[in-house]
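For reference, the structure is listed below as structure tokens.
Numbering (the numbering used here), first residue to last: 818 to 1024.
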């Protein structure tokens, strides 16, 4: 009986140790998880203009790494709200280009290649649907997110939309400045999300 009782206590102790390890791991993961709020706090805590060249490069790379760790929904929210807009405005042209490349989502080039193969009308429908989704996301944003997104609206100009439809994403991206690429990034990410979900990967009206 003593041996059995001792065995039960050892088993209970083992289960408790496993539970404690799992709880510690969960707590550490939760603290390490990147959120829009953490990115906002980071960009607010660092004045890019006061850093030297090496420090700027490290700071920008850290921001890029944080952005890449966001879920799609959080990434869309951060872009629509313009969380890092002030930083981007303070970057040099070379830094802007490197930042855009570093934050380009996985599969982005495949999306551009697929878009190139589509007829103009199909491109137009995809762009219009992405714009609609961005507008809807902006309308549904909670306060104070809505106020931020209203000050930093997504790129919805008719001119840019028509240009993308007419010449295709590959040419548009190759010819655009870093500033323009940044302006249309929310739109292009939304289009990529639609394609990854299967929407617009078939022919017109699901054929």
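Where is the CB? At the ideal position from N, CA and C, for every residue including glycine. Predicted, not measured: the structure shown is a model, and the values here were computed from it.
- In the DSSP annotation of this structure, residue 994 is not part of any alpha helix (DSSP H), being labelled neither H nor E.
- Taken atom to atom, the span from the alpha-carbon of residue 989 to that of residue 981 is near 6 angstroms.
- Taking a contact as a CB-CB distance under 8 angstroms, the pair residue 999 and residue 905 counts as one, their CB atoms being some 6 angstroms apart.
- Boundaries for residue 886: no alpha helix (DSSP H) harbours it, and the DSSP string shows neither H nor E there.
- Secondary structure at residue 920: coil, using DSSP grouped into helix, strand and coil.
- Only residues of its own chain outside the window of five on either side were considered, and among them 851 have a CB closer than 6 angstroms to the CB of residue 886, listed in chain order.
- Taking a cut-off of 8 angstroms for Cβ pairs, the stretch 990-997 and the stretch 861-876 do not touch, as fewer than three such pairs fall below it.
- Sequence-distant partners of residue 946 (beyond 5 residues in either direction) whose C-beta falls short of 7 angstroms from its own C-beta, in its chain, are 1011.
- Sorting 853, 894 and 864 by C-alpha distance to the C-alpha of residue 1006 places 894 at the top.
- With a cutoff of 9 angstroms on beta-carbon distance, residue 877 and residue 918 are scored as not near each other.
- In the three-state reduction of the DSSP assignment, residue 864 falls in the coil class, being assigned neither a helical nor a strand state.
- The alpha-carbon of residue 957 is positioned some 25 angstroms away from that of residue 859.
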